[in-house]
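Under numbering that gives the first Met the number 0, residues 0 to 137 are what the sequence shown spells out, in order. Taking it in order: structure first as structure tokens, then the write-up.
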Amino acid sequence: MSASAMHPAATPEAPQGDWIVACLCAQWCGICRGWHEAFRELARESAALLPGARWLWVDVESQADALGDFEPENFPVLAVQQGARLLYCAALPQQAGNWRRMVQSLGALDEPQARRWAEPLRDLGLDLRRLRDEAQQA
0 MSASAMHPAA
10 TPEAPQGDWI
20 VACLCAQWCG
30 ICRGWHEAFR
40 ELARESAALL
50 PGARWLWVDV
60 ESQADALGDF
70 EPENFPVLAV
80 QQGARLLYCA
90 ALPQQAGNWR
100 RMVQSLGALD
110 EPQARRWAEP
120 LRDLGLDLRR
130 LRDEAQQA
């Protein structure tokens with residue numbers, strides 16, 4: 000599959016804005032620590048899925064202020080945002096193929112689809128643009 004097929008060009012029907020793909024984790028979580036390197040590798044391999052996307056490794060405890068009231072029930076959490084619109088936020092098994100397919104699917108949404116995906120997540124109040132990448136600190 001070509002990169003253009005995985006990520007459609009911006010059109011009036013396609014959602015606009017910068018992409019952020021974040022792994023929300025906890026430093027104390029052994030599963031998260033074990034997933035860290037695989038997540039960084041996924042970020043390197045998946046640049047074509049969402050060109051220019053920021054991939055963030057986020058410790059929810061060290062960035063609690065930026066997360067506001069959001070507290071994951073389980074780890075690790077994949078969170079994907081486009082511009083101001085949070086499209087996905089849920090715990091996912093630490094399997095690169097699952098995460099890659101989800102990111103690819105979200106990148107292919109058109110505007111009406113993106114609105115439908117984002118609607119149930121509005122009340123989370125989560126804005127990934129406030130987060131910083133902690134990859135070098137982990």
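Just so it is clear, CB atoms sit at the ideal spot from N, CA and C, and this is done for glycine as well. Everything numeric in this text was worked out from a predicted model, so none of it was measured.
Check	Outcome
Could you check the C-alpha separation between Gln93 and Leu77 for me, to the nearest Å?	9 Å
Measuring only the C-alpha atoms, how far is Asp144 from Arg84?	In the structure as shown, the chain starts at 0 and stops at 137, and residue 144 therefore has no counterpart that could be examined.
To the nearest angstrom, how far is the alpha carbon of His114 from that of Pro50?	According to the sequence displayed, residue 114 carries Arg and not His. The straight-line gap from Cα to Cα measures roughly 21 Å.
Which same chain residues end up closer than 8 Å to Asp132 when comparing Cβ atoms and leaving out the 5 residues on each side of it in sequence?	Arg53, Trp54, Leu55, Trp56 and Val57
Can you give me the C-alpha to C-alpha distance between Ala2 and Glu118, rounded to a whole angstrom?	Unreliable placement is indicated for Ala2, whose pLDDT of 36 sits below 50; the coordinate value is still reported in the next sentence. Their Cα atoms are separated by approximately 28 Å.
Expressed to the nearest angstrom, what Euclidean distance is found between the alpha-carbon atoms of Ala4 and Ala37?	Here Ala4 scores only 36 on pLDDT, less than 50, and its place in the model is too uncertain to base an answer on.
Closest to Gly29 by C-alpha separation, out of Phe69, Glu70, Ser61 and Pro75, would be which residue?	Pro75
Is it right to say Trp27 is buried, meaning 16 or more other beta carbons lie within 10 angstroms of its own, or is it exposed?	exposed
Can you name, in chain order, every residue of its own chain whose Cβ lies under 7 Å from the Cβ of Leu41, other than the five neighbours on each side?	Ala95, Trp98 and Arg99
Between the C-alpha atoms of Pro14 and Gln80, what's the straight-line distance to the nearest angstrom?	Any reading at Pro14 must be qualified, since the residue scores a pLDDT of 47, below 50, and its modelled position is unreliable; the value itself is stated next. Rounded to the nearest angstrom, the two C-alpha atoms are 11 Å apart.
I need the DSSP call for Val102, collapsed to helix, strand or coil.	helix
Alpha carbon to alpha carbon, how far is Pro111 from Cys24? Give it in angstroms, no decimals.	30 Å
So what's Ala25 in DSSP terms, helix, strand or just coil?	coil
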